[in-house]
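S.K.: Numbering follows full-length UniProt numbering, in which position 373 of the sequence shown is assigned residue number 373; successive positions increment by one, without gaps.
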Amino acid sequence: MTVAALPPFALDAHPAKADPALIGDDVEHFARLERTLSAEVEELERRLAAELGTTATGQDAYERDLEVRRITQRLRLLRRYGPDLCIGRVVGESGTLYIGRVGVTDGDGDRLLVDWRAPAAEPFFGATRAEPMGARSRRRYRWSDRRITDYWDEALSDDGRGDGEPTAALDDQSVFIASLGASRTRRMRDVLGTIQADQDLIIRASGRGTLVVDGGPGTGKTVVALHRAAYLLYSDPVVQSGHGGVLFVGPSHAYTDYVADILPGLGEEGVRTSTLADLVPGVDAAVPEADGRVALLKGDARMPGAVEAAIRLAERPPAGATVVETPWGDLRIGQREWAEVMGAADPAASHNDARGELWRALLELLVDVVSAQAGDDGPRRDGPWGDGGWGDAGSGWDDEQRRGFDDEEQFDAYGLSGPDADADTIRRGLSEDPELRRVFDTVWPLLDPFALVRSLWGSPRLLRRCAPWLTAEEAALLQRPASSPWTLSDVPLLDAALQRAGDPEREVRRRRAEAAAAADRAVMDDVVQTLIATDDSDLKTMSMLRGQDLRGALDTLGAPVTSAEEVLAGPFAHVVVDEAQELTPAEWGMLLRRVPSRSLTVVGDRAQARHGFPESWEERLGGLGLTDVTVASLSINYRTPAAVMAEAAPVIRAVLPDANVPSSIRDNGIPVRRAARSERDRILREWLAAHDEGTACVIGDPAFRATERVRSLTAVEAKGLEFDLVLLADDAPGIVADPAAVIEAAVIEAAVDRYVAMTRTTGELVLLGDG
């Protein structure tokens, strides 16, 4: 039995808007949409069950998994939203278009929802009365529990009120402005339906080159960045091709948790979201650098070069010839031979990854020499390895050459007795020679990237050798005990070490995978031979198994599974980085390594740079090698009340007179309060009692213990977040700008922290002092 759907509107709080003349078309459209979505869900469930019920191998299995992932993602989105996929509608010359998170088409081919990223949806976000883009009016919906509890209409042209909509419903932006002050939660609100024209223009900009989104607090920089990532995945052929995808980098785990729901709500689950520390496995718990001087030194763009220099020091052949004792006598490896072997390394491969190739090159070189010298008369003395490298001419194999084997039977079993040894046998014997492996490990050792960085912090002499630009005092300042925890300033250096040295476990995993693959193929070959031998059919069908195509179909071995760490190593087609004003040159380096196309969205605010940002974005990014840079500014503050911005603006302009301080469009009538610290708990109790919803935050008071609805953060931790109430422990005195003075770094940092903390509120700010 089919249960009738609930009416889409629940407008008890706005009875005038429930007039059938206003919502009749919507009621009919949503009923049709709900029927279509129900049918699509049933069809997707059927297709998913069919795909999961199939058995596939090789490329077919890969393609099936992609299809399963695509169906599952679509199902998850439809089940999560239902008809509230629709965010609004726009009425224009060509009729009415309903805009959705994704596109929906019914069985007759009619578009019930236009994907918000499609060109046809652009007027919904970008149209203004000054530039209506062919639209007459726009309607935005507010959903709650899959019911529309409110909506507001905007007239975009002089005849916008002449399309059958009574004037009472056309309240323009009043409801929108009120919605900006709605209660906050621990997750960012879904704001797709309220994207504004200035934001949409940036979201839809080309993905080529570097786009800087510069804006002050409350301008929606993060909103723009998240929606831009989803837009590029939809519209950019390079990004949507699947070769690399999008990486979104945020400043903290508090930030990434806060925005976690936005991209899935836009139908995109393929964006990788992380902090800088997340990009390096094992350092996600890195602590801030306590000494600002150390942080500055480690953030230098040249410091990853010190890691490179330390790795090169480990890649050095012995000063003299190396003699290795083998079953064929003493083999002498000179400088020329080591240079030939080391020249086999792929310049693009990491140090550890190159070990396998170099080891194989060494074995092949030795095999060639042994094979060339072991003729019909047995091993000779006068080989290219120098006199004494082989045993007496024509003497055969003596006891000394048999060392390393338990008995002569084992020696003979290896096929090493005399000139009959083939290349494979020689190669196997050499590869299992512990002395040869020991020598190779000294020439090209397996490196631990983390231990490599610790060695720099543990030896001033080594550090100055690898980083000659450092003074003796600076090298000493960077030293620390080996037991010290990793800091955030270490992250780009650890990343450089991991990228250049390579994962020391990768070669081990590769060997195990190759051994397992070889064993599986051997088993498969045995099975094939058995099937062929026992085939008594007239057509000898099993003989087809000798064909490479069918044998390949039987080979179920897929590509090695890529770890999450390897995925985050890139490369990516596009990188979005928020709070980019804080990045050091070394941190920029680790990001640029992951996006060789130099396609980036850089989001930040020079006024919120704790370590100062005196130059322009073009100048800073140009110094990093980014030349194709476009800067887009956001200057309207949609979040912070006007009274708060009036208090916060002088704080930042005292240290950065040209700061992009946005203009707030909200005035909630609540003044900034000042209170004694002793009143903190009373203020919170009263606020919680008066507000059933919303979140508060105490910033800068570590003595306060967080509760379910009240968080306790530093100004740095609060960056990028927003709360209904902020209580700021305000120890900073007023700062008076002196254009003739050089402002100290500590003063800039304090002013930025205070400015950031003050502008986290969407409702009320209380400054707590000792008075």
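Backbone N, C-alpha and C define an ideal beta-carbon position, used for all residues, glycine too.
Would you tell me roughly how many angstroms separate the C-alpha atoms of Asp424 and Leu44, rounded to the nearest one?
M.R.: As a first step, residue 424 must be located in the sequence shown, where it is residue number 424. As a first step, residue 44 must be located in the sequence shown, where it is residue number 44. Spanning the two alpha carbons is a distance of roughly 54 Å.
S.K.: Is it a yes or a no for the stretch 695 to 711 touching the stretch 672 to 687, going by three-plus beta-carbon pairs under 8 Å?
M.R.: Output reads yes: the stretch 672 to 687 touches the stretch 695 to 711.
S.K.: Measuring straight from C-alpha to C-alpha, what distance separates His611 and Arg89?
M.R.: Numbered from its first residue, the sequence shown carries residue 611 at position 611. Numbered from its first residue, the sequence shown carries residue 89 at position 89. If you take the alpha carbons of His611 and Arg89, they lie about 45 Å apart.
S.K.: In whole angstroms, what separates the C-alpha of Ala496 from that of Val595?
M.R.: The residue labelled residue 496 in the question sits at position 496 within the sequence shown. The residue labelled residue 595 in the question sits at position 595 within the sequence shown. Distance between the alpha carbons of Ala496 and Val595 is about 15 Å.
S.K.: With DSSP run on the structure shown, which of helix, strand or coil describes Ile426?
M.R.: In the sequence shown, the residue the question calls residue 426 occupies position 426. If DSSP states are grouped into helix, strand and coil, Ile426 belongs with the helices.
S.K.: Return yes when the Cβ of Arg146 is within less than 8 Å of the Cβ of Gly82, no when it is not.
M.R.: On the sequence shown, position 82 is the one that residue 82 refers to. On the sequence shown, position 146 is the one that residue 146 refers to. Closer than 8 Å, so yes.
S.K.: For Ile665, which of helix, strand or coil comes out of DSSP?
M.R.: Counting from one through the sequence shown, the residue named residue 665 turns up at place 665. If DSSP states are grouped into helix, strand and coil, Ile665 belongs with coil.
S.K.: Using 8 Å as the threshold, is the stretch 628 to 647 in touch with the stretch 217 to 231, meaning 3 or more CB pairs across them?
M.R.: With the cut-off at 8 Å, the stretch 628 to 647 and the stretch 217 to 231 touch.
S.K.: Check each candidate in Arg427, Asn352, Val323, Arg316 and name the one with the smallest Cα separation from Ser371.
M.R.: Within the sequence shown, the letter at position 371 stands for residue 371. With distances taken between Cα atoms, Ser371 lies closest to Arg427.
S.K.: Which same chain residues end up closer than 6 Å to Ala706 when comparing Cβ atoms and leaving out the 5 residues on each side of it in sequence?
M.R.: Mapped onto the sequence shown, residue 706 falls at position 706. Excluding sequence neighbours, Ala706 sits near Ser712.
S.K.: Cβ atoms of Val453 and Val307: under 8 Å apart, would you say?
M.R.: As a working note, residue 307 is residue 307 in the sequence shown. As a working note, residue 453 is residue 453 in the sequence shown. A contact, by the Cβ cut-off of 8 Å.
S.K.: Do Trp152 and Arg136 have their CB atoms nearer than 8 Å?
M.R.: Position 152 of the sequence shown, counted from the start, is the residue given in the question as residue 152. Position 136 of the sequence shown, counted from the start, is the residue given in the question as residue 136. Contact flag unset, no.
S.K.: Skipping 5 residues on each side, what residues in its chain have a beta carbon closer than 6 Å to that of Gly502?
M.R.: Position 502 of the sequence shown, counted from the first residue, corresponds to residue 502. Here the set comprises Ser350, His351, Asn352, Asp353.
S.K.: Which residues mark the beginning and the end of the beta strand (DSSP E) in which Arg138 is found?
M.R.: The residue given as residue 138 occupies position 138 in the sequence shown. Segment 135 to 144, the beta strand (DSSP E) holding Arg138.
S.K.: Just mark Ser664 as buried or exposed, buried being the case when its beta carbon has 16 or more other beta carbons within 10 Å.
M.R.: Start at 1 with the first residue of the sequence shown, and residue 664 comes out as number 664. Buried, since its Cβ has 16 or more Cβ neighbours within 10 Å.
S.K.: Please work out which residues of its chain come closer than 6 Å, Cβ to Cβ, to Arg673, disregarding the five sequence neighbours upstream and downstream, and give them in chain order.
M.R.: By 1-based counting over the sequence shown, the position of residue 673 is 673. Within the same chain, Arg673 has close Cβ partners Val766.
S.K.: Helix, strand or coil for Val752? Go by DSSP, reduced to three states.
M.R.: The sequence position of residue 752 within the sequence shown is 752, counting from 1. Helix at Val752.
S.K.: His227 lies in the alpha helix (DSSP H); which residues open and close that run?
M.R.: Taking the first residue of the sequence shown as position 1, residue 227 is located at position 227. Element bounds for His227: 221 to 235.
S.K.: To the nearest angstrom, how far is the alpha carbon of Gly720 from that of Thr273?
M.R.: Position 720 of the sequence shown, counted from the start, is the residue given in the question as residue 720. Position 273 of the sequence shown, counted from the start, is the residue given in the question as residue 273. Spanning the two alpha carbons is a distance of roughly 15 Å.
S.K.: Take Asp106 and list the residues in its own chain whose beta-carbon comes closer than 6 Å to its own, dropping the five residues that flank it on each side.
M.R.: Start at 1 with the first residue of the sequence shown, and residue 106 comes out as number 106. Answer for Asp106: Thr36, Leu112, listed in chain order.
S.K.: Inspect the beta-carbon positions of Trp469 and Arg302 and report whether they are closer than 8 Å.
M.R.: Within the sequence shown, residue 469 is the residue found at index 469, counting from 1. Within the sequence shown, residue 302 is the residue found at index 302, counting from 1. Yes, the Cβ-Cβ distance between Trp469 and Arg302 is below 8 Å.
S.K.: Measuring straight from C-alpha to C-alpha, what distance separates Ile71 and Thr627?
M.R.: Within the sequence shown, the letter at position 71 stands for residue 71. Within the sequence shown, the letter at position 627 stands for residue 627. The alpha-carbon atoms of Ile71 and Thr627 are separated by roughly 41 Å.
S.K.: At a cut of 8 Å, does the stretch 222 to 232 reach the stretch 571 to 583 through at least three beta carbon pairs?
M.R.: A contact exists between the stretch 222 to 232 and the stretch 571 to 583.
S.K.: Can the beta-carbon of Val756 be found closer than 8 Å to that of Ala715?
M.R.: The residue given as residue 756 occupies position 756 in the sequence shown. The residue given as residue 715 occupies position 715 in the sequence shown. A contact, by the Cβ cut-off of 8 Å.
S.K.: Short of 8 Å in beta carbon distance, which residues of its chain neighbour Asn660, apart from the five on each side in sequence? Order them along the chain.
M.R.: Reading the sequence shown from its first residue, position 660 is the one you call residue 660. Once the five neighbours on either side are set aside, the close Cβ partners of Asn660 are Asp214, Gly215, Gly216, Asp605, Arg606, Ala607, Ser633, Ser635.
S.K.: Using 8 Å as the threshold, is the C-beta distance between Val324 and Val439 below it?
M.R.: Position 324 of the sequence shown, counted from the start, is the residue given in the question as residue 324. Position 439 of the sequence shown, counted from the start, is the residue given in the question as residue 439. Their beta carbons are under 8 Å apart, which means Val324 touches Val439 by this criterion.
S.K.: Which runs of the beta strand (DSSP E), 3 residues or longer, sit entirely within the stretch 418 to 494?
M.R.: Complete beta strand (DSSP E) runs here, min 3: none at all.
S.K.: Is the beta carbon of Ala310 within less than 7 Å of some heavy atom of the ligand FAD?
M.R.: With respect to the ligand FAD, the structure shown offers nothing to examine, as it has no ligands at all.
S.K.: Between Val631 and Glu615, which are expected to be in contact by the criterion C-beta below 8 Å, what is the C-beta distance as a whole number of angstroms?
M.R.: Locating residue 631 in the sequence shown gives position 631, counting from the first residue. Locating residue 615 in the sequence shown gives position 615, counting from the first residue. Not a contact, Cβ separation roughly 12 Å.
S.K.: Across which residues does DSSP place Leu768 in a beta bridge pair?
M.R.: On the sequence shown, position 768 is the one that residue 768 refers to. According to DSSP, which records beta bridges pairwise, Leu768 is partnered with Ala675, Ala729.
S.K.: Taking the beta carbon of Gly329 as the centre, do at least 16 other beta carbons fall within 10 Å, making it buried, or is it exposed?
M.R.: Within the sequence shown, residue 329 is the residue found at index 329, counting from 1. Result: buried.
S.K.: Looking at the unbroken beta strand (DSSP E) that takes in Tyr98, where does it start and where does it end?
M.R.: Taking the first residue of the sequence shown as position 1, residue 98 is located at position 98. Here the beta strand (DSSP E) through Tyr98 covers 95 to 100.
S.K.: Rounded to a whole number of angstroms, what is the C-alpha to C-alpha distance between Gly355 and Trp338?
M.R.: Counted from its first residue, the sequence shown places residue 355 at position 355. Counted from its first residue, the sequence shown places residue 338 at position 338. The sequence shown places Arg at residue 355, rather than the Gly named in the question. Distance between the alpha carbons of Arg355 and Trp338: 14 Å.
S.K.: What does the alpha-carbon distance come out to for the pair Val91 and His29?
M.R.: As a working note, residue 91 is residue 91 in the sequence shown. As a working note, residue 29 is residue 29 in the sequence shown. Roughly 14 Å separates the two Cα atoms.
S.K.: Starting from the Cα of Gly134, find the closest Cα among Val102, Ser489, Ala120 and give me that residue.
M.R.: Position 134 of the sequence shown, counted from the first residue, corresponds to residue 134. Selected option, being the one with the closest Cα: Ala120.
S.K.: Using the three-state DSSP reduction, which class does Ile202 fall into: helix, strand or coil?
M.R.: On the sequence shown, position 202 is the one that residue 202 refers to. Correct three-state label for Ile202: helix.
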